[in-house]
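Before any comments, here is the structure.
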Amino acid sequence: MTLPIQTVVPEVKAALAQHPLVVLQAPPGAGKSTALPLDLLHEEWLAGQSIIMLQPRRVAARAVAARLAEGLGEAVGETVGSRVRFESRVSDRTRLEVVTEGILTRRLQRDPELSGVGLVILDEFHERSLNADLALALLREVQGALRDDLRVLVMSATLDPDLPARLGAPLVESAGRAYPVDVRYLPTDPTGRVEDAVVAAVRRALDTDEGDILAFLPGVREIRGAAAQLAGVDAAVLPLYGDLPLAEQRRALMPDPGGRRKVVLATSIAETSLTIQGVRVVVDGGQSRRQQFDPATGLTRMVTGRVTQDAATQRAGRAGRTAPGVCYRLWSERTQALLPAAQPPELLMADLAPLTLELAGWGTTDPADLPWLDAPPPTRIDTARTLLRSLDALDDAGRITPAGTRLLDFPTHPRLAHLLSEADDAALAADVAALLEERDPLPPGSGADLSERVDALRGWRAGGRTRGEVAVLERVERLSKQWRRLLKVQPDNAPPDPYALGELLALAYPERVALARESVAGLHKGRFLLAGGQGAALPEGDALAGARALAVAHLNMTGAEGRIFLAAPLNPAWLAARATWQDAVRWDARTGTLLAQQELRLGALALDTRPLREVPADLKVKAIADAVRAEGLHLLTFSPAASAFRARVQSLREWRGEEWPDLSDAALLATLEDWLGSGLERVRTRDDLARLDLLPALQSLLPWNLTRELDELAPTHLSVPSGSRVRLEYRPGEAPILAVKLQELFGLADTPTVNGGRTPVLLHLLSPAGRPVQVTQDLRSFWNSSYFEVRKDLRGRYPKHPWPDDPWTHEPTRWTKRRAEK
DNA sequence: CTCTCCCT
1 MTLPIQTVVP EVKAALAQHP LVVLQAPPGA GKSTALPLDL LHEEWLAGQS
51 IIMLQPRRVA ARAVAARLAE GLGEAVGETV GSRVRFESRV SDRTRLEVVT
101 EGILTRRLQR DPELSGVGLV ILDEFHERSL NADLALALLR EVQGALRDDL
151 RVLVMSATLD PDLPARLGAP LVESAGRAYP VDVRYLPTDP TGRVEDAVVA
201 AVRRALDTDE GDILAFLPGV REIRGAAAQL AGVDAAVLPL YGDLPLAEQR
251 RALMPDPGGR RKVVLATSIA ETSLTIQGVR VVVDGGQSRR QQFDPATGLT
301 RMVTGRVTQD AATQRAGRAG RTAPGVCYRL WSERTQALLP AAQPPELLMA
351 DLAPLTLELA GWGTTDPADL PWLDAPPPTR IDTARTLLRS LDALDDAGRI
401 TPAGTRLLDF PTHPRLAHLL SEADDAALAA DVAALLEERD PLPPGSGADL
451 SERVDALRGW RAGGRTRGEV AVLERVERLS KQWRRLLKVQ PDNAPPDPYA
501 LGELLALAYP ERVALARESV AGLHKGRFLL AGGQGAALPE GDALAGARAL
551 AVAHLNMTGA EGRIFLAAPL NPAWLAARAT WQDAVRWDAR TGTLLAQQEL
601 RLGALALDTR PLREVPADLK VKAIADAVRA EGLHLLTFSP AASAFRARVQ
651 SLREWRGEEW PDLSDAALLA TLEDWLGSGL ERVRTRDDLA RLDLLPALQS
701 LLPWNLTREL DELAPTHLSV PSGSRVRLEY RPGEAPILAV KLQELFGLAD
751 TPTVNGGRTP VLLHLLSPAG RPVQVTQDLR SFWNSSYFEV RKDLRGRYPK
801 HPWPDDPWTH EPTRWTKRRA EK
């Protein structure tokens with residue numbers, strides 16, 4: 001029986017002969033992983049060099065290598081080899097090496113030219129794993145700079161019409177091989193529990209359909225709930241998820257030994273990684289749970305969301321592997337159209353500290369320089385750099401340090417690599433690093449103390465009593481053994497010093513060393529402040545609650561306060577030895593006073609305080625300036641004279657340009673230290689602030705050569721015909737107001753001006769009692785017309801004041817008629 | 001009741 005891929009093999013060969021980068025799209029069952037690579041081994045352009053094929057999972061890498069070797073009638077390790085973590089099966093004869101993605105990254109670090117390799121195949125590229133994206137970026141850089149003969153074949157199981165164009169690569173398409181699957185939509189209440197809906201659909205399928213049933217749920221909790229509800233049905237109900245011991249996984253994958261129908265309740269592990277025999281019905285609950293990195297806390301957390309279209313297609317396809325099948329989707333056809341097409345690439349969601357360190361080791365200080373398909377977000381890179389600097393792995397320019405280069409020798413997260421490379425007790429470091437990487441071997445509710453886990457591991461390894469889950473302990477021990485080999489140290493089964501555990505954790509999580517908050521009566525102890533500034537609490541009644549200081553390994557930030565799941569006590573003296581005395585000068589907004597002391601600080605933690613005898617002036621000025629910026633300019637009092645000065649200068653800035661300083665609220669706030677600095681040195685309280693005389697400080701902002709121009713162009717007062725000097729009211733952006741009794745202006749034709757004659761004032765003409773009767777900028781037309789109406793209204797009310805028939809010739813006066821006659 | 005999946 002020929003495989004669909006075989007019809008396009010000549011096309012793939014021709015494309016690779018001419019292009020360094022080729023995209024192959026082929027659905028599941030085409031044979032692209034298990035047949036095609038063997039056909040490429042003897043191509044002329046390969047020049048006798050070997051092929052590396054990447055797989056995202058270890059199980060898949062081993063299985064694919066086995067199928068390929070079988071195709072040649074050989075065993076793995078001859079022409080076809082495989083290499084995954086903990087297991088290498090290659091020989092001198094190996095020409096095709098199936099490896100997991102991280103292996104290639106390591107190999108590129110050691111040998112950037114990838115000597116002896118002519119072709120790299122990236123399988124399952126549609127998954128867009130972080131390591132696949134990194135591998136592609138590095139390989140394209142190698143092609144451009146070092147190896148123009150190196151070829152890359154990108155293989156994808158789903159159709160992405162943009163991919164070839166975005167890579168500038170030709171596309172080869174192949175058909176797949178699958179039986180038809182009848183997709184039926186069964187909308188359910190989206191506010192209900194997903195396990196209830198799945199259980200109902202499974203019961204229905206047991207009645208109406210034939211064959212085994214595979215149901216998708218978001219996680220272990222929902223799987224357990226559904227399994228409990230299905231306990232009575234006439235079928236074998238089997239859970240399937242990644243953390244399940246291997247024997248139980250096998251029970252879900254194999255036909256039921258008793259010949260009963262199977263109902264497999266699975267997480268997304270059954271989408272691609274594992275194939276279940278005999279499935280004819282898929283029930284898709286429509287949810288999936290994924291990890292998301294939160295740069296604000298440096299933590300990854302689990303997020304449950306809607307399934308994506310490409311994942312739903314994969315899930316449905318599981319019903320058609322061996323015969324025609326049915327897929328029940330527990331949502332509506334309308335919802336289906338609204339689902340996102342695919343998950344974002346892992347690179348955009350993940351913790352980028354490992355990637356950033358790899359790239360620094362590669363010599364790339366700015367990851368943006370690589371030819372990415374989707375570039376890693378710069379803010380995430382910044383977060384990663386901050387962490388890596390705190391681990392002494394990068395310098396301020398983003399270059400890798402000698403200590404950082406040592407971290408790359410440990411194939412694990414840089415945090416754990418730092419723990420391993422800097423620890424005094426290497427045997428303990430190996431155990432702790434392994435425990436931190438694996439799932440908790442102890443059951444839920446076992447408390448947060450790391451030493452309980454170390455005891456469990458060491459007790460089990462010494463052959464004493466066993467606490468915890470053996471399958472997990474075995475995985476932990478396998479990791480620990482790898483670290484012991486690298487560190488050249490023998491295992492140690494003695495009980496460790498608890499403080500030594502805390503110090504190890506502090507190497508990996510420096511921002512999570514924590515100090516107990518002062519306990520408030522009635523509230524439970526065990527609340528801590530982390531050096532990173534976040535608050536976190538131990539579970540109620542935890543044995544660690546009495547500790548003064550902790551090093552926290554695992555926590556979850558749900559609300560304002562995090563929950564601590566794994567930690568070790570820390571000697572407060574150890575913290576103090578790493579802290580530094582710092583002058584702390586702060587404005588206390590509550591009391592409105594300046595607080596000045598010295599604090600023994602480590603990040604957000606203050607371990608001790610002592611009085612500060614002499615307060616450095618610059619710190620004081622900055623603290624008060626920050627307080628004014630936080631609370632607002634109203635903390636200061638602008639006297640009428642100071643306000644008038646600001647208004648005059650601001651008016652001139654509007655009229656004459658930016659040679660006049662900016663005295664707006666925003667500008668004054670931004671430059672507080674400059675113009676008010678020396679004044680702030682004497683301030684201790686909010687009242688001191690309010691009493692500051694701002695006028696001299698504001699005047700200092702005006703260049704000396706403009707002080708005379710200020711008085712000429714924007715005088716404070718104008719003289720009027722009566723002889724009075726009348727105050728002007730300046731309003732930036734508008735004409736200044738001259739408010740004056742109209743009798744004082746008799747005979748004046750032209751409206752007075754400021755700004756060197758360019759800006760007429762706005763006259764507020766007042767009654768003898770000082771009430772405005774007319775607002776005008778045209779005095780001449782006032783005397784000629786409206787004056788007479790005003791006169792008619794007011795003559796009777798103010799008979800002692802002059803109201804002449806001819807305002808042009810009457811003597812201007814500020815007095816009544818009798819006083820004027822005297 | 002933190003915990004989908006995976007990797008050096």
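The first sequence maps to residues 1 to 822 in full-length UniProt numbering. Every residue, glycine too, gets a C-beta built ideally from N, C-alpha and C.
If residue i sits next to residue j, beta carbons under 8 Å apart, how far is it from one beta carbon to the other, in whole angstroms?
i, j, result
"T188", "A175", "Actually they do not touch by this definition, with Cβ atoms about 35 Å apart."
"A531", "A514", "7 Å"
"Q109", "W362", "7 Å"
"A135", "F216", "Their Cβ separation, rounded to whole angstroms, is 29 Å, which puts A135 and F216 out of contact at 8 Å."
"P572", "R590", "The pair is not a contact, with the Cβ atoms about 28 Å apart (cut-off 8 Å)."
"I564", "A543", "In fact, because the Cβ distance is near 12 Å, the residues do not count as touching under 8 Å."
"K54", "V99", "This sequence places Leu at residue 54; Lys is not what is there. Their Cβ separation, rounded to whole angstroms, is 6 Å, which keeps L54 and V99 in contact under 8 Å."
Kindly indicate the opening and closing residues of the beta strand (DSSP E) around residue i.
i, result
"I51", "50–55"
"H19", "From DSSP, H19 is part of no beta strand (DSSP E); its letter is neither H nor E."
"R727", "725–729"
"Q699", "Counting along the chain, Q699 falls outside any beta strand (DSSP E), though it belongs to the alpha helix (DSSP H) covering 694–699."
"I737", "737–741"
"T7", "Where T7 is concerned, there is no enclosing beta strand (DSSP E), given that its DSSP letter is neither H nor E."
"L766", "762–766"
"G447", "Segment: none, G447 is in no beta strand (DSSP E) and carries neither H nor E."
"S91", "From DSSP, S91 is part of no beta strand (DSSP E); its letter is neither H nor E."
"P569", "561–569"
Using DSSP's beta-bridge definition, name the partner residues of residue i.
i, result
"G81", "E97"
"F293", "T300"
"W587", "L594"
"A215", "L265, V283"
"H717", "R727"
"Q582", "E599"
"E614", "According to DSSP, which records beta bridges pairwise, E614 is partnered with nothing at all."
"Y241", "Beta-bridge pairing links Y241 to no other residue."
"T753", "P760"
Would you mind reading off the limits of the alpha helix (DSSP H) that contains residue i?
i, result
"R691", "686–691"
"Q229", "220–229"
"H554", "Run containing H554: none in the alpha helix (DSSP H); it sits in the beta strand (DSSP E), 549–556."
"D207", "194–208"
"Y787", "787–794"
"H418", "414–422"
"F645", "640–656"
"T707", "704–713"
"D256", "D256 -> no alpha helix (DSSP H), and no H or E assigned at all."
"A769", "Here A769 belongs to no alpha helix (DSSP H), and DSSP marks it neither H nor E."
"L479", "470–487"
At a cut of 8 Å, does the region 745–761 reach the region 708–726 through at least three beta carbon pairs? yes
Is the region 69–83 close to the region 12–31, with three or more CB pairs under 8 Å? no
Run through the region 105–181 for me and flag every whole alpha helix (DSSP H) of 4 or more residues, listed as ranges in chain order. 130–145, 163–167
The region 37–53 contacting the region 332–344, beta-carbon criterion three pairs below 8 Å: no
Between the region 675–686 and the region 612–624, can you find at least three pairs of beta-carbon atoms closer than 8 Å? yes
Assess contact between the region 424–437 and the region 475–494, defined as three or more Cβ pairs (one per stretch) separated by less than 8 Å. Is contact present? yes
With contact counted as at least three CB pairs below 8 Å, one residue from each stretch, are the region 147–166 and the region 390–397 in contact? no
With a cut-off of 8 Å, do at least 3 Cβ pairs link the region 762–781 to the region 803–811? no
Below 8 Å, how does it come out for the region 226–246 and the region 292–302: are there three or more Cβ pairs, yes or no? no
Taking 8 Å as the threshold, find out whether the region 194–213 comes into contact with the region 161–168 through three or more Cβ pairs. no
Given 8 Å as the limit, is there contact between the region 781–794 and the region 753–762, that is, 3 or more CB pairs closer than that? no
Segments assigned alpha helix (DSSP H), at least 4 residues, entirely inside the region 292–357: 309–317, 333–338
Taking 8 Å as the cut-off, does the region 641–648 touch the region 727–734 (at least 3 CB pairs, one atom from each stretch)? yes
Counting only runs that start and end within the region 509–540, where is the alpha helix (DSSP H) found for 4 or more residues in a row? none
With three or more C-beta pairs closer than 8 Å as the rule, is the region 683–702 touching the region 590–606? yes
Could I get the ranges of all uninterrupted alpha helix (DSSP H) runs contained in the region 375–411, with 4 residues as the minimum, in chain order? 378–390, 402–407
Please confirm if the region 78–97 is in contact with the region 122–131, defined as three or more CB-CB distances below 8 Å between the two stretches. no
Taking three-plus beta-carbon pairs below 8 Å as touching, is the region 467–485 in contact with the region 345–360? no
Check whether the region 603–621 and the region 702–718 are in contact - that is, three or more C-beta pairs closer than 8 Å. no
Given 8 Å as the limit, is there contact between the region 370–377 and the region 399–418, that is, 3 or more CB pairs closer than that? no
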